[in-house]
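**Q** For the sequence shown, the numbering used here assigns the number 3 to the initial residue and increments by one for each residue that follows. Glycine included, C-beta positions come from ideal geometry on N, C-alpha and C.
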Amino acid sequence: AFKDGDNKFFYHGITQRLSFPRICGDGWNDGILIYCPLSTSSQYWVASKFTNNDGLIIEFSASDTCSECINYFSTNWLSDFGNEQEYIFLQNGKDERLKITNIVDTRYGFEYR
C-alpha cells in the first residue's frame, strides 16, 4: 500500500495523446479506477522513454479518499531492467483509486496539473 512505500508519485508513459476530461483538476480528488494491471515507474525519465517524444506521461498518486487501499509491488527483483524501478498496480475494488496528479504532453512540453 502507499503508506508502506517511500514513493509518492508513479509515472506511466503512453505513445498516444488521449483526452482526460474531469480527471486532472476540477476537484476530482476521489481518483480513477483501472481494472487491469498497470505498469508504472517511480522514475519520470523511464516513463518518458515509452512516449517516443510524441505521447503523454501520466503521473499518479494515491487518491485523497484512501491512500492505504492502493496495492502495488516492485518488479525490480525479477526484471531484466531493474534500473527502471517498475511497480505494478493491481486494483480490484471501488476504494482502490489512483489520482492523476499531472499529465505531460511530451511533444509540446505542456503540463496539465
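Using the three-state DSSP reduction, which class does Lys10 fall into: helix, strand or coil?
**A** Coil.
**Q** Check Asn85 in the structure and name its three-state DSSP category.
**A** The answer is helix: DSSP assigns Asn85 an H, G or I state.
**Q** Cβ atoms of Thr103 and Thr53: under 9 Å apart, would you say?
**A** Contact flag unset, no.
**Q** Residue range of the alpha helix (DSSP H) that Ser50 falls in?
**A** Start and end: Tyr46 to Lys51.
**Q** Short of 7 Å in beta carbon distance, which residues of its chain neighbour Ala49, apart from the five on each side in sequence? Order them along the chain.
**A** So the list reads Tyr13, His14, Gly15, Ser43 and Ile59, once near-sequence residues are dropped.
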